[in-house]
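Line by line, the protein sequences are chains A and B. Start counting the first sequence at 73; every next residue gets the next number (my numbering). Start counting the second sequence at 5; every next residue gets the next number (my numbering). All residues carry an ideal CB built from backbone N, CA and C; glycine is no exception.
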Amino acid sequence: MEHQNDFAVELLKAELDVIELDDRLEMINLSASLALEEIGDIGDNNNGVCCCS
Amino acid sequence: MHTFAKWDEIDDLVSRMRLVHSEERYLVIVQERKFYVTRFLFDLIQRIQQTGSLSAFEQTPDSATRDALALQVFERVQSMSAQSEKPAAYIAFPITLLTPPWVERLARPLAGLFRAPLGFWLMGLAVLVNGWCLYRFGFGDAAHRLLHLSPGGLLLAYMALLGGLLLHELGHSAAALAGGLPARRIGAGFYLLLPVLFADVSHVWELGRMRRLAVNLGGVYFQLLFNVLLTAVAVAGPEGMRGAALDLVRINLGIVAYVLIPFLRNDGYWVLADLWDKPRLHKDARTAPYRLLRRLSGRRDLPDPGPALALYGALEFAFLVVTMGLFLKWSGVLFARLWHTARAEGLEALVLQHAGMVLAGVVPLAALVVLGTTLCKRLLKPHLLRSPA
Chain A
73 MEHQNDFAVE LLKAELDVIE LDDRLEMINL SASLALEEIG DIGDNNNGVC CCS
Chain B
5 MHTFAKWDEI DDLVSRMRLV HSEERYLVIV QERKFYVTRF LFDLIQRIQQ TGSLSAFEQT
65 PDSATRDALA LQVFERVQSM SAQSEKPAAY IAFPITLLTP PWVERLARPL AGLFRAPLGF
125 WLMGLAVLVN GWCLYRFGFG DAAHRLLHLS PGGLLLAYMA LLGGLLLHEL GHSAAALAGG
185 LPARRIGAGF YLLLPVLFAD VSHVWELGRM RRLAVNLGGV YFQLLFNVLL TAVAVAGPEG
245 MRGAALDLVR INLGIVAYVL IPFLRNDGYW VLADLWDKPR LHKDARTAPY RLLRRLSGRR
305 DLPDPGPALA LYGALEFAFL VVTMGLFLKW SGVLFARLWH TARAEGLEAL VLQHAGMVLA
365 GVVPLAALVV LGTTLCKRLL KPHLLRSPA
């Protein structure tokens, strides 16, 4: 009887799954904006440093 | 078999939980933390809230099964409550720029732009206009031209740029409001090393998948709409403003392209996570390449991530390395330029004549200060200095 109960509880474990969810903070990278003109300028002189990040 | 005796504790913990059923998902909310649970657990918690735990477990065949199941449920609700006590945000040093009432005031009038037929038409129009603008005028050398603006022009360009970014965040918030959710703050902080603006839309988990996608894309949608106005200025506005408006369109498009990259919790990341239905995509992907390699080498002790998740994990890691590398390289070049200009022309000339460069230097400097502070904190933590017992 006890064995049967253990088996039933094992089956139920899957029914008790919990998934923790992340906070959702929709972000935009400020360095992509504040520094854009400098990145462009440096890019001109330094073999094309990325212009978006 | 032990007798379960924590019925009151279960009742107490469960009474603090809020339940939301949205489309195919069952959500449990404890304070600010959110959890997906199975329908079975969801129904059980609901029954406990309605009738108390003793009655809720009445239908189990015998007391031993009842106690064992109650113990399992107790462990789950206790774990959820414990996790709700810990902060989970991944932004370092967050500050609030717009409180929820201000977000409500500014974003509410814009929420109508997400109504079903209107939203689709406007999005289509915005994509077409932006595409035409790019085709007609190309990317050009927008960033370089901005550098040569007068101080007044530079200030105006910055304000327009920051206004566009704030509008991007308001786009996320307005989409959440359109979905019937309350306003939450908009702020700034650091993600990894990078300074970011953010809109808190954590409660978006309460919405169905299509609504979540609207919130994910709300920022890009607003930025493209903003670009439509800028394009109108670039084509038919006052002569002196046309070039700057066109450059802002180009820069906005560059930022849109960046935020749609599906890594590092950009907007594109949430789009992919929702489309793929992987709510913990970042966490699942982090160890996926390692798990796949381990399985391929014959060790099957860890769960199979599948090739797609392993590939995504590897690409995200590569993207992180490249982004950080470019950011550090660019910071180094910028600091060197600041140093040489200050030596050659003096500090006063540097500040007065190269204001844009000084302002741009603030960004990596702040990031490096954050990195340094974090490293110092870690090094000074006593438990990290002790060897494990």
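Only those residues of the segment 306-321 of chain B whose C-beta falls short of 9 angstroms from the nearest C-beta of chain A would be listed, and there are none. Nearest in C-alpha terms to residue 91 of chain A, of all of B:276, B:87, B:340 and B:314, is B:87. The segment 321-341 of chain B makes contact with the segment 362-372 of chain B, as at least three CB pairs between them are under 8 angstroms. In the structure shown, the three-state DSSP call for residue 191 of chain B is strand.
Against chain A, a Cβ distance below 8 angstroms from residue 201 of chain B picks out 99, 100 and 102. For residue 39 of chain B, the C-beta contacts it makes with chain A under 9 angstroms involve 90, 91, 92 and 93, in order along the chain. Within chain A, 98 and 100 have C-beta atoms less than 8 angstroms from the C-beta of residue 173 of chain B, given in sequence order. By alpha-carbon distance to residue 324 of chain B, the top candidate from B:239, B:283, B:211 and B:196 is B:196. In this structure residue 306 of chain B is exposed. Its beta-carbon is surrounded by fewer than 16 other beta-carbon atoms within 10 angstroms.
Within the same chain, no Cβ atom closer than 6 angstroms to the Cβ of residue 383 of chain B is found once the five residues on either side in sequence are excluded.
When the beta-carbon positions are compared, residue 42 of chain B and residue 97 of chain A stay at least 8 angstroms from each other. Residue pairing of residue 38 of chain B in beta bridges, as defined by DSSP: B:33.
For the pair residue 98 of chain B and residue 175 of chain B, the CB atoms are not nearer than the 8 angstroms cut-off. Close to residue 284 of chain B, with beta-carbon spacing below 8 angstroms, are these residues of chain A in chain order: 91, 92, 93 and 94.
Judged by DSSP secondary structure, residue 97 of chain B falls within the beta strand (DSSP E) whose first and last residues are 96-102. Contact annotation: residue 84 of chain B and residue 34 of chain B have beta-carbon atoms nearer than 8 angstroms. The three-state reading of DSSP puts residue 25 of chain B in strand, counting E and B together. The straight-line gap separating the alpha-carbon atoms of residue 209 of chain B and residue 357 of chain B is approximately 48 angstroms. Each residue's CA atom was taken as its position, placing residue 371 of chain B and residue 380 of chain B some 14 angstroms apart. For residue 90 of chain A, the beta-bridge partners assigned by DSSP are B:41. Around the beta carbon of residue 351 of chain B, a 10 Å sphere encloses fewer than 16 other beta carbons of the protein chains shown; the residue is thus reported as exposed. Chain-order list of chain A residues neighbouring residue 127 of chain B: empty, with the shortest C-beta distance near 17 angstroms, by a criterion of under 7 angstroms. Residue-level contact check: residue 176 of chain B touches chain A, since one or more beta carbons of chain A fall below 8 angstroms from its beta carbon. For the pair residue 61 of chain B and residue 73 of chain B, the CB atoms are nearer than the 8 angstroms cut-off. Residue 269 of chain B reaches chain A at 99, counting residues in chain order whose Cβ is nearer than 7 angstroms.
For residue 373 of chain B, the number of other beta carbons within 10 angstroms of its own is below 16, and it is reported as exposed.
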